[in-house]
Amino acid sequence: MEEKKFDVNSLIGFVLIGAILVWMLYLNKPSEEEVLAEKARTEAAAAEKEASEANKTTDISIDKAVEEMAIATPGDSLAFDKLKNRLGSFAYSGTLPSASDAVTVLENDVLYLEVSNKGGYITEARLKNFVKYDSVPIYMIQDGNASLNLQFSAENRLLNSEELFFEPSLTKNGENSVLTMRLKTAANSYIEYRYELTPGEYMLNFDVKTEGLDGVINTSQPISLDWRLKGYRHAKSISYENRYSRLTYEYEDDKHSKLAPNGEDDEIEKDVTWMNFRQHFFSSMLLTNTPFKEVSLSSVDLVEDEEVDTLYTKQYGAKMLLEPKGGGISYNMNMYYGPTDYKIFKKYDRNLDEAMPMGWGIFGMINKYIIIPLFGFLSAFFPAGIAIIVLTILIKLALSPVQYKQYLSQAKLKVLKPELDEIREKYKDNKMKIQQETMKLQNVAGASPLKGCLPALLQIPVFYALFTFFPSAFDLRQKSFLWAEDLSSYDKIAELPFHIPFYGDHVSLFPILASIAIFIYMMMTTGQTMQAQQQPGMPNMKFIMYLSPLFMLVFFNNYASGLSLYYFVSNLITIGIMLVIKNFIIDDEKIHAKIQVKKKSPKKQNKFQKKMADMMEQAEQQKNASKKK
């Protein structure tokens with residue numbers, strides 16, 4: 001057996017490694033400033049935790065004190081003294097008959113609201129004329145999914161209005177219902193929430209003000225209004241609904257922005273005038289006549305998987321900094337609980353249509369000034385499905401001159417195919433020369449592929465505008481057509497026993513029909529272009545011909561069936577127009593004869609064509625020169 005010996009080299013190695021580690025620790029040790037900063041952070045965290053525990057204790061004591069008052073006999077001075085020690089001047093609110101979780105109902109013919117004495121905010125909001133996909137009434141607020149909290153400092157303590165009790169008073173102002181909620185410190189000293197609801201309106205007035213609280217509320221400390229809401233699921237496909245659920249807002253003199261539709265996002269903005277906690281087809285909004293100096297906005301996506309039966313779409317939050325004036329606060333605001341409907345939003349003349357996903361720039365303008373008015377007009381005379389078909393026909397007829405030019409260019413390329421083949425055969429060893437001669441021939445014949453692409457590009461703004469219009473068109477919601485029960489959702493004809501990624505667990509028919517129509521259209525256009533020519537460097541048209549129908553089939557399976565219906569009808573009409581143009585309008589022999597006449601007459605090149613020809617000529621000369629070397 002081998003004798004174990006002491007290894008000096010190993011010892012030296014371990015010593016060196018240890019020395020290196022000690023030297024690295026010495027180099028990386030924190031500086032004195034870093035030690036002091038870490039100590040300060042630790043102390044701040046401890047103080048924050050202590051304050052949090054103190055607030056928690058205060059909240060518990062508030063609830064306990066109010067509970068004690070509820071069972072105390074009237075005039076029990078001892079119980080009142082206990083409450084006053086815990087709440088200060090606001091102990092008065094705990095001695096009122098309203099110091100319970102009772103609610104006051106405020107309603108009109110379209111909106112039902114419940115306002116709680118505790119906190120003085122809306123704890124239930126139901127839309128009377130709408131139901132969810134499963135026929136359950138639409139609730140914007142229910143079962144604690146929303147809160148509204150006024151946070152302020154008074155008598156060396158931080159108070160939250162959501163934990164205190166308001167005294168309700170329901171009156172009439174003409175036909176309007178008015179609910180006044182007052183958080184009192186005395187008979188004539190209070191914080192007031194005032195709600196005023198007009199018949200037939202989803203928008204209500206909401207005012208916040210203080211009265212007789214000079215010296216009680218500490219206006220040198222921040223006063224904030226914190227509004228939070230979890231958006232309920234209302235649609236059959238929660239992932240589709242969630243795609244169009246988003247926090248949007250207006251700030252700094254008519255600027256508009258939005259938080260991210262996915263994940264978590266937050267933003268701090270100045271001079272905010274309204275914010276919309278949008279839930280696709282329904283909106284919860286807060287608007288103010290006096291812009292909020294600063295608002296901290298937040299959005300958290302709560303939908304992780306379409307297969308999970310999720311109750312909520314997003315968690316929204318807006319913490320608004322209020323500016324005191326004259327020793328108190330006074331804000332005239334509005335609340336909106338209702339449809340995300342362009343016609344309703346537009347009548348308020350406050351840029352609320354910017355809260356809808358209608359596309360930016362020219363796309364939004366096409367929707368606002370053409371598509372929406374036209375579809376609204378058609379919807380007054382036809383059912384929603386027929387209105388989509390008529391709208392599609394009118395749009396296609398309006399674009400038919402553009403499509404004619406596109407097809408004419410393709411027909412010219414088809415006629416030139418024999419001559420193009422000759423060029424490719426003649427200069428088969430010189431790709432540069434093929435391109436030069438091809439461009440020259442196309443220029444003479446007026447059959448450039450670019451002329452076929454330009455008309456197609458002119459149609460893109462209209463197509464994209466319609467792509468954004470149909471998913472946000474409230475008029476399509478729960479409107480049926482043929483086998484589609486709801487044109488704002490998918491038209492399921494079969495349920496799958498499994499879930500396919502990107503496709504779903506069902507089969508929708510309109511996307512299948514639209515895919516077939518697109519494939520036929522691509523065969524007639526792209527296929528014809530492929531036959532005419534396939535120049536080197538051009539994209540693989542055959543691949544595009546198969547990709548577009550596949551994209552429609554897969555990704556539109558969960559989209560609104562109204563959008564798939566539009567694409568199906570649009571492509572059918574396009575195919576019909578192309579057949580008419582091909583068989584009754586365009587004559588290949590006449591086109592060929594015209595081209596031959598043009599070839600005989602000299603044609604002047606424009607600056608762009610001349611520059612391209614010169615560049616290609618120079619490239620050819622450089623290539624020949626390099627070969628000679």
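Here our numbering is used: position 71 in the sequence shown is 71, and no number is missing along the way.
For glycine and all other residues, C-beta sits at the position ideal for the given N, C-alpha and C.
Since the structure is predicted, the reported quantities are computational estimates derived from the model, not experimental observations.
Excluding sequence positions up to five away, which residues of its chain have a Cβ less than 8 Å from the Cβ of residue i?
i: S299; result: R246, L247, L259, A260, E264, D265, D266, K314, Q315, Y316, G317
i: S489; result: Y133, A235, K236, S237, Y240, A560, S561
i: M524; result: I575, M578
Is residue i near residue j, with beta carbons less than 8 Å apart?
i: R182; j: Y190; result: yes
i: N332; j: L197; result: no
i: L170; j: L179; result: yes
i: A514; j: F568; result: yes
i: L322; j: I329; result: yes
i: F282; j: P339; result: yes
i: F556; j: S564; result: yes
i: I268; j: S296; result: yes
i: S161; j: N149; result: yes
i: E252; j: K270; result: yes
i: P168; j: T104; result: yes
i: E175; j: G88; result: no
i: S100; j: K184; result: no
i: I637; j: L482; result: Within the shown structure, residues of the chain are numbered from 1 to 629, placing residue 637 beyond reach of any answer.
i: N678; j: F474; result: Residue coverage of the chain in this structure runs from 1 to 629, which leaves residue 678 outside it and unanswerable.
Excluding the five sequence neighbours on either side, which residues of its own chain have a C-beta within less than 6 Å of the C-beta of residue i, listed in chain order?
i: F345; result: L352, D353
i: A384; result: L476, K479, L487
i: K230; result: N145, Y312, Q315
i: M140; result: A125, S284, Y337
i: N188; result: G212
i: E495; result: H506
i: K319; result: S224, D226, S296
i: K293; result: L321, E323
i: T688; result: The question about residue 688 has no answer here: the residues shown for the chain are numbered 1 through 629.
Going straight from the alpha carbon of residue i to that of residue j, what length do you get?
i: T219; j: K479; result: 53 Å
i: S224; j: N129; result: 34 Å
i: Y193; j: A186; result: 16 Å
i: A37; j: G215; result: Only weak support is given to the placement of A37: the predicted model assigns it a pLDDT of 47, under 50, and the question is left unresolved by the model.
i: Y337; j: V580; result: 50 Å
i: M439; j: K582; result: 25 Å
i: S116; j: I122; result: 6 Å
i: P357; j: Y244; result: 8 Å
i: L111; j: P137; result: 12 Å
i: V402; j: M578; result: 12 Å
i: W227; j: P471; result: 28 Å
i: F510; j: I520; result: 16 Å
i: A172; j: E201; result: The amino acid at residue 172 is misidentified as Ala; the sequence shows Lys. C-alpha separation (whole angstroms): 16 Å.
i: R424; j: I493; result: 51 Å
i: I434; j: L408; result: 24 Å
i: I460; j: H499; result: 33 Å
i: P497; j: V390; result: 37 Å
i: M522; j: Y546; result: 8 Å
i: Y503; j: F469; result: 22 Å
i: F166; j: S98; result: 6 Å
i: E422; j: Q410; result: 19 Å
i: F551; j: R278; result: 28 Å
i: S147; j: L204; result: 17 Å
From what residue to what residue does the beta strand (DSSP E) around residue i run?
i: Y112; result: 111–116
i: T313; result: 312–322
i: Y342; result: Run containing Y342: none in the beta strand (DSSP E); it sits in the alpha helix (DSSP H), 342–347.
i: M358; result: M358 -> no beta strand (DSSP E), and no H or E assigned at all.
i: I141; result: 137–141
i: P168; result: 167–173
i: S147; result: 146–154
i: S508; result: 504–508
Could you spell out where the alpha helix (DSSP H) holding residue i opens and where it closes?
i: V580; result: 561–580
i: S379; result: 372–379
Excluding the five sequence neighbours on either side, which residues of its own chain have a C-beta within less than 7 Å of the C-beta of residue i, listed in chain order?
i: A654; result: Beyond the ends of the chain as shown, which are 1 and 629, falls residue 654; an answer cannot be given.
i: E241; result: R233, H234, A235, H280, T313
i: A387; result: F375, L378, S379
i: T310; result: R233, I238, L302, V303
i: L572; result: A517
Looking at chain C, is there any beta carbon in it that lies within less than 8 Å of the beta carbon of residue i?
i: G376; result: Among the protein chains of the structure shown there is no chain C, as only one such chain exists.
Just to check, is the beta-carbon of residue i closer than 7 Å to a non-hydrogen atom of the ligand SAH?
i: F502; result: Only the bare structure without any ligand can be found here, which leaves the ligand SAH out of the picture.
Continuous beta strand (DSSP E) assignments of at least 3 residues falling wholly in the region 255–293: Counting only runs that start and end inside the region 255–293, the beta strand (DSSP E) elements of at least 3 residues fall at 255–258, 264–279.
Complete alpha helix (DSSP H) runs within the region 182–260 (minimum length 4 residues, chain order): Every alpha helix (DSSP H) stretch that sits fully inside the region 182–260 and reaches 4 residues is listed by chain position as 238–243.
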